[in-house]
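The sequence shown runs 14 to 222 under the numbering used here. For glycine and all other residues, C-beta sits at the position ideal for the given N, C-alpha and C. For clarity, every value in this text was computed on a predicted model and none was experimentally measured.
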Amino acid sequence: VDCRDRGLPSVPDPFPLDVRKLLVAGNRIQHIPEGFFIFYGDLVYLDFRNNSLRSLEEGTFSGSAKLAFLDLSYNNLTQLGAGAFRSAGRLVKLSLANNNLTGVHEAAFETLESLQVLELNDNNLRSLNVAALAALPALRTLRLDGNPWLCDCDFAHLFSWIQENVSKLPKVFGTWISEIILWGLGPSTGGSVASCGLQDTAHSPRGEI
């Protein structure tokens, strides 16, 4: 079902109950009603880019047991609460890029055991609790670039976690952290690894974190 670029203020309804691919990018939708997807259990692909979403309530994706691809990039999300994607346990790719995220709850991604690609790039994140990533055993691609990272203990723990988990991730980027995509990860202050209380055991292609 293609509802792209129609200036819609809300999620259109109803759809065929067996809809598998839903495209609603380029509208003005600010809210997804709780439980909206309960009747669309066959949905696999949801493109929600370039709307005006401000928040995701717990239960938003209830009934989305087959959802594998979810693109929420270019919205106005500021926070991700616990269990935001709890009912979407088969997600393989989740894009939250180009929002206004300043916080991600450590349980935001719980139950996403199949998630392989997570895009958090180009937000306003200054820190990220590693517990949020530790809940993703299948994670292979992680984008964190374009955030104003603060060089503090949280950042040190994040960097350390990435180094410690290199061995279980496939090779996708050069020779630095050779088994994770990590473009441009570096604190806004330009600090070094040592300034975050870590040893420089990895080799950055840019000479920085």
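Residue i: buried (16+ other C-beta within 10 angstroms of its C-beta) or exposed?
i, result
"residue 51", "exposed"
"residue 132", "buried"
"residue 30", "exposed"
"residue 137", "exposed"
"residue 164", "buried"
"residue 14", "exposed"
"residue 89", "exposed"
"residue 100", "buried"
"residue 18", "exposed"
Tell me, please, which residues DSSP counts as bridged to residue i.
i, result
"residue 116", "92"
"residue 34", "58"
"residue 156", "132"
"residue 82", "58 and 106"
Let me know the secondary structure DSSP gives residue i once reduced to three states.
i, result
"residue 167", "helix"
"residue 108", "strand"
"residue 27", "coil"
"residue 146", "helix"
"residue 49", "helix"
"residue 190", "Unreliable placement is indicated for residue 190, whose pLDDT of 39 sits below 50; the coordinate value is still reported in the next sentence. Coil."
"residue 184", "Summary for residue 184: the model assigns pLDDT 38, below 50, so the residue's position carries little reliability, and this model does not support an answer."
Pull up the distance between the alpha-carbon of residue i and that of residue j, whole angstroms please.
i, j, result
"residue 144", "residue 117", "10 Å"
"residue 66", "residue 87", "9 Å"
"residue 125", "residue 148", "7 Å"
"residue 139", "residue 130", "21 Å"
"residue 63", "residue 157", "19 Å"
"residue 68", "residue 91", "7 Å"
"residue 42", "residue 22", "5 Å"
"residue 174", "residue 153", "14 Å"
"residue 28", "residue 171", "41 Å"
"residue 32", "residue 44", "20 Å"
"residue 178", "residue 26", "43 Å"
"residue 57", "residue 98", "14 Å"
If residue i sits next to residue j, beta carbons under 8 Å apart, how far is it from one beta carbon to the other, in whole angstroms?
i, j, result
"residue 80", "residue 109", "Actually they are not in contact, since the Cβ atoms of residue 80 and residue 109 sit about 15 Å apart, beyond 8 Å."
"residue 151", "residue 127", "5 Å"
"residue 260", "residue 39", "No answer is possible for residue 260: the residues shown for the chain start at 14 and end at 222."
"residue 59", "residue 35", "5 Å"
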